[in-house]
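Protein sequence lines correspond, in order, to chains A and B. In this text, residue positions in the first sequence follow numbering that gives the first Met the number 0: the first is 0, and each later residue adds one. In this text, residue positions in the second sequence follow numbering that gives the first Met the number 0: the first is 0, and each later residue adds one. Positions of the beta carbon are idealized from the N, C-alpha and C atoms, including for glycine. This structure is a prediction, so every number in the text was calculated from the model and none was measured. To start, the structure itself, in structure tokens.
2 protein chains.
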Amino acid sequence: MSQLRRVGMVIGIKPEKFDEYKALHADSQPGVRDLLTKYHVHNFSIFVQKLADGHDYLFGYYEYVGDDYEADMAKLAAEPRNIEWLKLCDPCQQPLSGKASWAIMEEIYHND
Amino acid sequence: MSQLRRVGMVIGIKPEKFDEYKALHADSQPGVRDLLTKYHVHNFSIFVQKLADGHDYLFGYYEYVGDDYEADMAKLAAEPRNIEWLKLCDPCQQPLSGKASWAIMEEIYHND
Numbered sequence: 000m001s002q003l004r005r006v007g008m009v010i011g012i013k014p015e016k017f018d019e020y021k022a023l024h025a026d027s028q029p030g031v032r033d034l035l036t037k038y039h040v041h042n043f044s045i046f047v048q049k050l051a052d053g054h055d056y057l058f059g060y061y062e063y064v065g066d067d068y069e070a071d072m073a074k075l076a077a078e079p080r081n082i083e084w085l086k087l088c089d090p091c092q093q094p095l096s097g098k099a100s101w102a103i104m105e106e107i108y109h110n111d
Numbered sequence: 000m001s002q003l004r005r006v007g008m009v010i011g012i013k014p015e016k017f018d019e020y021k022a023l024h025a026d027s028q029p030g031v032r033d034l035l036t037k038y039h040v041h042n043f044s045i046f047v048q049k050l051a052d053g054h055d056y057l058f059g060y061y062e063y064v065g066d067d068y069e070a071d072m073a074k075l076a077a078e079p080r081n082i083e084w085l086k087l088c089d090p091c092q093q094p095l096s097g098k099a100s101w102a103i104m105e106e107i108y109h110n111d
């Protein structure tokens with residue numbers, strides 16, 4: 000049965016790579032939009048904000064609407080085009096200490 | 000005509016006030032949930048994450064689905080119960096430098 004799972008996540012962005020990252024994610028760029036849809040990742044937004052430490056951070060939000068989150072994430076990760084996509088994005092990002100990629104945040108509030 | 004506006008925003012949370020803030024926002028607490036709905040603020044989530052500077056940050060996401068964002072936000076701000084609510088929440092939060100409250104982030108990516 001289909002579930003709705005909201006995911007909020009955060010990662011740093013390297014200042015010298017910010018323009019490149021933004022261009023990769025422009026509305027005109029297909030990127031892996033079709034793969035996100037295929038694996039039930041919807042309503043995906045990324046926001047950016049400079050924080051007190053002077054670094055820019057990316058905040059991602061999406062909704063998973065399939066019936067097996069772990070399986071779909073594994074299939075997405077194995078897609079050759081997703082692997083190529085991450086080869087472009089990963090060097091732009093600066094994961095939080097101890098994280099390999101985006102840090103999944105704890106949700107403390109929700110109101111439909 | 001109804002519009003959809005996605006808002007991503009961030010603010011610090013004072014460590015000594017985190018438990019209180021979380022309790023205020025528990026699923027069991029009505030808070031101002033009805034007022035958010037009344038003024039067309041939907042799908043509102045707040046996430047928390049400790050960042051490299053050792054501080055916890057709150058990340059908020061919501062969707063405005065009314066037809067006059069500025070007018071609805073002004074009406075919400077004027078609601079006596081909202082004013083009381085902010086008297087509880089504001090002392091827990093630590094706005095980013097130069098901000099009076101939540102900092103509205105720039106959206107750099109969206110995929111439906």
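Item: Would you say Ser-44 of chain B reaches chain A, if we count a Cβ-Cβ gap shorter than 7 Å as a contact?; Value: yes
Item: Just checking my contact of Gly-7 of chain B with Phe-43 of chain A at CB under 8 Å: how many whole Å lie between their CB atoms?; Value: With 8 Å as the limit, Gly-7 of chain B and Phe-43 of chain A do not qualify as a contact, their Cβ atoms being about 12 Å apart.
Item: Determine the DSSP secondary structure at Tyr-56 of chain B, reduced to helix, strand or coil.; Value: strand
Item: Assign Leu-3 of chain A to buried or exposed, taking buried as 16 or more other Cβ atoms, counted over all protein chains shown, within 10 Å of its Cβ.; Value: exposed
Item: Do you know how far the Cα of Gly-65 of chain A is from the Cα of His-39 of chain A?; Value: 5 Å
Item: Quick one, which of A:Gly-30, A:Gln-28, A:Glu-19 and A:Ser-1 has its alpha-carbon nearest Cys-91 of chain A's?; Value: A:Glu-19
Item: Starting from Lys-16 of chain A, follow the alpha helix (DSSP H) in both directions and report where the run begins and ends.; Value: Neither: Lys-16 of chain A is in no alpha helix (DSSP H) and is coded neither H nor E.
Item: Tell me whether Gln-28 of chain A is buried or exposed, calling it buried when 16 or more other Cβ atoms sit within 10 Å of its Cβ.; Value: exposed
Item: Work out the CA separation of Val-47 of chain A and Pro-14 of chain B for me, nearest whole Å.; Value: 23 Å
Item: In chain order, what residues of the region 8-22 of chain B put their CB closer than 7 Å to some CB of chain A?; Value: Val-9 and Lys-21
Item: Reducing DSSP to helix, strand and coil, say where Met-8 of chain A ends up.; Value: strand
Item: Taking only beta-carbon positions, decide if Met-72 of chain B is within less than 7 Å of chain A.; Value: no
Item: Going straight from the alpha carbon of Ile-45 of chain B to that of Val-9 of chain B, what length do you get?; Value: 9 Å
Item: Rounded to whole angstroms, what's the CA-CA distance from Trp-84 of chain B to Lys-98 of chain B? Just pull it up for me.; Value: 19 Å
Item: Run through the DSSP bridge pairs and tell me what Val-40 of chain B is partnered with.; Value: B:Tyr-63
Item: Please report the straight-line C-alpha distance between Ser-100 of chain B and Asp-89 of chain B, rounded to a whole angstrom.; Value: 8 Å
Item: Interface residues of chain B around Asp-52 of chain A at Cβ under 9 Å?; Value: Leu-50, Ala-51, Asp-52 and His-54
Item: Taking only the alpha-carbon atoms, compute the straight-line gap between Lys-86 of chain A and Glu-78 of chain B and give it to the nearest angstrom.; Value: 49 Å
Item: Could you pull the DSSP bridge partners for Lys-48 of chain B from this structure?; Value: Note that residue 48 of chain B is Gln in the sequence shown here, rather than Lys. B:Tyr-56.
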